[in-house]
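Using our numbering, the first residue of the sequence shown is number 154, and each one after it goes up by one.
By construction, the Cβ of each residue, glycine as well, lies at the ideal position given by its N, Cα and C atoms.
Encoded as structure tokens, the structure appears first; notes follow it.
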Amino acid sequence: MGNINSLAVLKRAIDSSTTGVVIADSTLPDMPLTYVNPAFEQLTGYSADFSVGKNCRFLQGPDTDQKQVDKLRAAIKTGEACKVILLNYKKDGTKFWNELSISPIEENGKVVGFVGIQDDITARIEVEQALVKAKQDAEIANNLKADFLNVISHELRTPLTVMLGNLPLLTDPKDLPDAEEISEIALDVEEAGQHLLKLINELLDISKIEAGKLELSVEPLSIANCIHESLHLVKPLIDKKGLELVQEIEDFNFMGDPIRMKQIIINLLSNANKFTTEGRITITTKTEGNEGQLIVSDTGCGIKKEFLTKIFEVFKQADSSSSRSASGSGLGLAISKQLIELQDGTIDVKSEYGVGSDFHVTVPLL
């Protein structure tokens, strides 16, 4: 069979390997590569003609971890074996994760070079990163849900406390309050009951939406009529706070669910009213191209920049503490976004903290 340990046989084995193999000469300045196998060429896109004679730093780039490079250099300096994981770059600029193992080559007890074995472990690293991200996302989601449950428990408890606190005043027929006080108690109980009902309806809505079980009854609608019917419920609350309500209405027709469209308008107006202590709320409609636009603006507290991308997400609020100044489940905007998207529309917001907010809704025109 001949000498299977001959250099020719060993070179053939290395040339045939699917793992990248390089040899560098540590006796020469800058430690150039003296050999790269075909697997290295295939892995990196760099030919042997280009690579040989150069230090392998041409594989490095702006995102290569310098600490790993320093670890590699320290091992080379002391003539020791070493394994590192480097984010390297192919000739076409594509990044890949390179698991590089180096071993010293000795002649007469002196290190004269290094053999490097390279493995592309990009797929493995991406799976590991995906698992880490999934774990982090799950932890964030759990924390958000915990915050949300804290808010909801507070919001449910508040109206119940009002109701249960007032009812004992009406249980003794021999010691009833006067008629005026009974009327006030009844109004307090009704307001608390309506608040409780709204919270429960929002929880049911978001549950149906996320389960894909919310059904819409779509029909031709007039935006002016939707606003008129919505203001019937919201305007008394705006008047009660002494805010100015400005209407700049250009009617247009579109396809939508009348109940859900009014729910969106009521949510936006109620939200504006909740966070505006003085000034005005403006509701504007107009057409542009083949779209109808509804804009609800306020001179309220505005939204901090870091919260603008989050306010339409379920379980996320600018302030999720139970001691926050404004009440509510925080689901209104998330529900509004998903409801308008189910009707082929969009919603977004522009806001300046301390100045006010503009919520823009667009729907396709008939």
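Quiz item: Is the Cβ-Cβ distance between S450 and T462 less than 8 Å?
Solution: Numbered from its first residue, the sequence shown carries residue 450 at position 297. Numbered from its first residue, the sequence shown carries residue 462 at position 309. The Cβ atoms of S450 and T462 do not sit closer than 8 Å to each other.
Quiz item: Buried or exposed: M154, going by 16 or more other Cβ atoms within 10 Å of its Cβ?
Solution: Numbered from 1 along the sequence shown, position 1 holds the residue referred to as residue 154. In this predicted model, M154 has a pLDDT of only 39, less than 50, meaning its place in the structure is not dependable; the value taken from the coordinates is given anyway. Exposed, because fewer than 16 other Cβ atoms sit within 10 Å of the Cβ of M154.
Quiz item: Which value, in whole angstroms, describes the spacing of the CA atoms of G246 and Q282?
Solution: As a first step, residue 246 must be located in the sequence shown, where it is residue number 93. As a first step, residue 282 must be located in the sequence shown, where it is residue number 129. The alpha-carbon separation between G246 and Q282 amounts to approximately 21 Å.
Quiz item: What does a CB cutoff of less than 7 Å around K243 pick up in its chain, not counting 5 residues either side in sequence?
Solution: As a working mapping, residue 243 is identified with position 90 in the sequence shown. Hits under 7 Å: T197, G198 and F249.
Quiz prompt | Coarse secondary structure for M184, derived from DSSP in three states | solution = Counting from one through the sequence shown, the residue named residue 184 turns up at place 31. Coil at M184, not helix or strand.
Practice problem: Would you kindly report the start and end of the unbroken alpha helix (DSSP H) that includes P411? | Solution: In the sequence shown, residue 411 corresponds to position 258, counting from 1. That run of the alpha helix (DSSP H) goes P411 to K427.
Quiz prompt | Contacting residues, own chain, Cβ-Cβ under 6 Å from P215 (five flanking each side not counted) | solution = Taking the sequence shown and counting its residues from 1, one reaches residue 215 at position 62. None.
Quiz prompt | Whole runs of the beta strand (DSSP E) within the stretch 185-211, excluding any shorter than 3 residues | solution = Listed in chain order, the beta strand (DSSP E) elements of length 3 or more contained wholly in the stretch 185-211 are 186-189.
Quiz item: In the structure shown, what three-state DSSP assignment does S473 receive?
Solution: The residue labelled residue 473 in the question sits at position 320 within the sequence shown. Note that S473 has pLDDT 47, beneath the 50 cutoff, so the model's placement of it is unreliable and no number is given.
Quiz prompt | Member of I359, I417, L329 and I274 whose CA lies at the smallest distance from the CA of G498 | solution = As a position in the sequence shown, residue 498 is number 345, starting the count at 1. Taking only the C-alpha atoms, the option nearest G498 is I417.
Quiz prompt | Residue ranges of each beta strand (DSSP E) within the stretch 321-383, 3 or longer | solution = You should have 372-375.
Exercise. Have a look at R226, F211, A227 and Q271 and flag the residue whose alpha-carbon is nearest the alpha-carbon of G173.
Key: Counting from one through the sequence shown, the residue named residue 173 turns up at place 20. Looking only at R226, F211, A227 and Q271, the smallest Cα-Cα distance to G173 is reached by Q271.
Self-check item: C-alpha gap between P191 and V175, whole angstroms
Solution: Here residue 191 corresponds to residue number 38 of the sequence shown, with the count starting at 1. Here residue 175 corresponds to residue number 22 of the sequence shown, with the count starting at 1. Put simply, the backbone Cα of P191 is about 10 Å away from that of V175.
Exercise. With a threshold of 16 other CB atoms inside 10 Å of the CB of S476, please say whether the residue is buried or exposed.
Key: Mapped onto the sequence shown, residue 476 falls at position 323. Confidence is the limiting factor: at S476 the pLDDT is only 39, short of 50, which leaves the residue's position unreliable and the question unanswerable from this model.
Quiz prompt | Per-residue burial, E355 [other beta carbons within 10 Å of its own, 16 or more giving buried] | solution = By one-based count along the sequence shown, residue 355 stands at place 202. E355 comes out buried.
Quiz item: Are the stretch 331-341 and the stretch 373-385 in contact at 8 Å, needing three or more beta carbon pairs?
Solution: Three or more beta-carbon pairs separated by less than 8 Å are not found between the stretch 331-341 and the stretch 373-385, which leaves the two stretches without contact.
Quiz prompt | 7 Å CB neighbourhood of I359 in its chain, flanking five on each side removed | solution = Counting from one through the sequence shown, the residue named residue 359 turns up at place 206. Excluding positions up to five away in sequence, the list reads V467, L484, A487 and I488.
Self-check item: Beta-carbon proximity of K361 to L369, cut-off 8 Å
Solution: Indexing the sequence shown from 1 puts residue 361 at position 208. Indexing the sequence shown from 1 puts residue 369 at position 216. It is not a contact, given that the beta carbons lie outside the stated cut-off.
Practice problem: With a threshold of 16 other CB atoms inside 10 Å of the CB of Q496, please say whether the residue is buried or exposed. | Solution: The residue you call residue 496 lines up with position 343 of the sequence shown. With 16 or more Cβ atoms within 10 Å of its Cβ, Q496 is classed as buried.
Quiz item: What residue from P389, E494, E259 and T438 has the CA that sits closest to I402's CA?
Solution: Counting from one through the sequence shown, the residue named residue 402 turns up at place 249. Proximity to I402 across P389, E494, E259 and T438 peaks at T438, based on C-alpha coordinates.
Quiz prompt | Alpha-carbon to alpha-carbon, D300 and I293 | solution = Residue mapping note: residue 293 aligns to position 140 of the sequence shown, counting from 1. Residue mapping note: residue 300 aligns to position 147 of the sequence shown, counting from 1. C-alpha separation (whole angstroms): 11 Å.
Practice problem: Taking 8 Å as the cut-off, decide whether the C-beta atoms of D341 and V315 are in contact. | Solution: As a working mapping, residue 341 is identified with position 188 in the sequence shown. As a working mapping, residue 315 is identified with position 162 in the sequence shown. Contact check for D341 against V315 passes: the beta carbons are separated by less than 8 Å.
Exercise. State the beta-bridge partners of G232 as determined by DSSP.
Key: One-based indexing of the sequence shown puts residue 232 at position 79. None, per the DSSP bridge assignment.
Quiz prompt | Residue closest to I563, alpha-carbon to alpha-carbon, out of L352, P321, L350 and T440 | solution = Since the first and last residues shown for the chain are 154 and 519, residue 563 lies out of range.
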